[in-house]
Amino acid sequence: MSLPLSAEQLGAFARNGFLHVPGLVPEGELVEPDRDSLELIERGVAGPFGDKRWRYQEDREKGKEHCLYRVNDLAAADMPPSFQVLLAYPRLLAAIHQLVDGDDFAASVHALVFKLPRHGAPARWHQDPVKVFRFPVFNVDIYLDDATTDNACVRAFPGSHLAGHHDPAESPNFIESWTGGGDESCAGGAVAIPAKRGDVIFHATTLVHGSPWNRSEDLRRTIYFHIDHRRDVELAGDRWPQHQFAQAREVTARAIAMRAEQRPEEQPFPYG
Ligand SMILES: O=C(O)CCC(=O)C(=O)O
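The sequence shown begins at 6 in the numbering used here and counts up one residue at a time.
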């Protein structure tokens with residue numbers, strides 16, 4: 006198999022803190038996650054029903070109390086297996102392996118994040134809440150729908166990942182030092198990262214990023230896998246999510262085994 010990422014792409018990821026890879030996931034891989042994600046959204050769209058994995062924000066401006074925007078823990082036993090089969094797509098894992106420079110890695114957080122039509126909740130400017138000890142720690146963002154500036158695609162500050170992680174409780178002015186107080190739709194210096202269905206954006210957890218309200222008629226869904234790697238985990242000690250590495254390895258290995266059963270003709274990613 007040819008390597009999915011070029012040296013230029015790896016260099017751009019290290020420099021900018023994110024890498025947009027058009028068409029990394031082919032249409033055939035998206036059919037089942039597409040169907041299953043719609044079903045998960047349908048289950049919670051009317052409002053909280055007692056399962057804390059379904060997450061809501063309030064839309065004060067438009068007077069809607071419960072705007073569903075996220076479903077956590079996609080790797081749980083009662084979740085549809087299609088997300089695990091997608092994680093185990095060999096070219097995706099090969100790209101992740103390149104980004105961690107050949108280190109041992111695992112997916113420790115699995116979530117569906119989306120923006121509903123008209124009430125699509127924002128992701129306020131943030132770094133992902135992970136203290137990083139050895140770059141790169143990153144998220145794999147797989148797009149199930151086209152993301153545009155009209156339906157509130159992600160915006161980011163290229164290079165902001167190089168500042169490392171700043172706990173907002175200890176450095177309350179850090180985010181504003183990048184955004185200048187501008188919101189997710191208009192801060193100067195931020196770039197919009199539109200993406201198409203099947204594209205993947207890899208973003209470093211320390212990248213300052215966010216996305217505004219979606220007021221369009223579009224639904225915009227993204228599957229997020231958080232990737233840890235051994236060289237970082239060994240330095241992190243008893244911290245979330247690094248302390249779950251052994252369990253995350255088991256989950257990742259199980260995903261690969263599940264996929265191998267479903268696709269016996271395919272060469273699985275060689276996960277040691
Ligand atoms: O998909 C988005 O709009 C951004 C989501 C995000 O950054 C997050 O959930 O941490």
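C-beta: ideal position from N, C-alpha, C; glycine also.
Residue i CB to nearest heavy atom of ligand 1 below 7 Å
{"i": "D223", "result": "no"}
{"i": "H214", "result": "yes"}
{"i": "V159", "result": "yes"}
{"i": "A128", "result": "yes"}
{"i": "T292", "result": "Nothing in the structure corresponds to residue 292, since the chain is present only between 6 and 277."}
{"i": "D155", "result": "no"}
{"i": "V137", "result": "no"}
{"i": "D133", "result": "yes"}
{"i": "V2", "result": "Since the displayed the chain opens at 6 and closes at 277, residue 2 lies outside it and no answer follows."}
{"i": "V118", "result": "yes"}
Whole-Å CB distance - residue i paired with residue j, under 8 Å assumed
{"i": "V159", "j": "A116", "result": "With 8 Å as the limit, V159 and A116 do not qualify as a contact, their Cβ atoms being about 14 Å apart."}
{"i": "S165", "j": "L212", "result": "6 Å"}
{"i": "F162", "j": "A195", "result": "5 Å"}
{"i": "G16", "j": "A209", "result": "Going by Cβ atoms, the distance from G16 to A209 rounds to 14 Å, so no, they are not a contact pair."}
{"i": "F110", "j": "I101", "result": "6 Å"}
{"i": "N144", "j": "Y229", "result": "5 Å"}
{"i": "R226", "j": "D151", "result": "Incorrect: roughly 10 Å between the Cβ atoms, too far for contact."}
{"i": "A99", "j": "M6", "result": "6 Å"}
{"i": "K67", "j": "H124", "result": "6 Å"}
{"i": "D108", "j": "R235", "result": "5 Å"}
{"i": "R96", "j": "L240", "result": "About 29 Å separates the two Cβ atoms, so there is no contact after all."}
{"i": "A93", "j": "A260", "result": "4 Å"}
{"i": "L91", "j": "P38", "result": "5 Å"}
{"i": "I232", "j": "V142", "result": "7 Å"}
{"i": "K201", "j": "P27", "result": "7 Å"}
Buried or exposed by the 16-neighbour rule on C-beta atoms within 10 Å, applied to residue i
{"i": "S113", "result": "buried"}
{"i": "S182", "result": "exposed"}
{"i": "G203", "result": "buried"}
{"i": "Q252", "result": "exposed"}
{"i": "L8", "result": "exposed"}
{"i": "L121", "result": "buried"}
{"i": "R244", "result": "exposed"}
{"i": "S216", "result": "buried"}
{"i": "Q132", "result": "buried"}
{"i": "R65", "result": "exposed"}
{"i": "R20", "result": "exposed"}
{"i": "G191", "result": "Residue 191 is actually Cys in this sequence, not Gly. Classification for C191: exposed."}
{"i": "Q272", "result": "exposed"}
{"i": "S176", "result": "exposed"}
{"i": "R264", "result": "buried"}
{"i": "D106", "result": "exposed"}
{"i": "N219", "result": "buried"}
{"i": "F119", "result": "buried"}
{"i": "E189", "result": "buried"}
{"i": "F54", "result": "exposed"}
{"i": "A80", "result": "buried"}
{"i": "G49", "result": "buried"}
{"i": "T154", "result": "exposed"}
Please specify which runs of the alpha helix (DSSP H), each continuous and at least 4 residues long, are wholly inside the stretch 218-273, giving them in chain order.
Within the stretch 218-273, the complete alpha helix (DSSP H) runs of at least 4 residues are 235-241, 250-267.
For a minimum of 3 consecutive residues, which ranges assigned as the beta strand (DSSP E) are wholly contained in the stretch 27-108?
For the stretch 27-108, the continuous beta strand (DSSP E) assignments of 3+ residues that do not extend past its boundaries occur at 59-64, 69-76, in sequence order.
Tell me the start and end of each unbroken beta strand (DSSP E) in the stretch 123-168 that is at least 3 residues and wholly inside, in chain order.
With a minimum length of 3 residues, the continuous beta strand (DSSP E) runs that stay inside the stretch 123-168 are 128-131, 143-148.
Which ranges does the alpha helix (DSSP H) cover as unbroken runs of at least 4 residues, wholly within the stretch 176-207, from first to last along the chain?
You should have 179-184.
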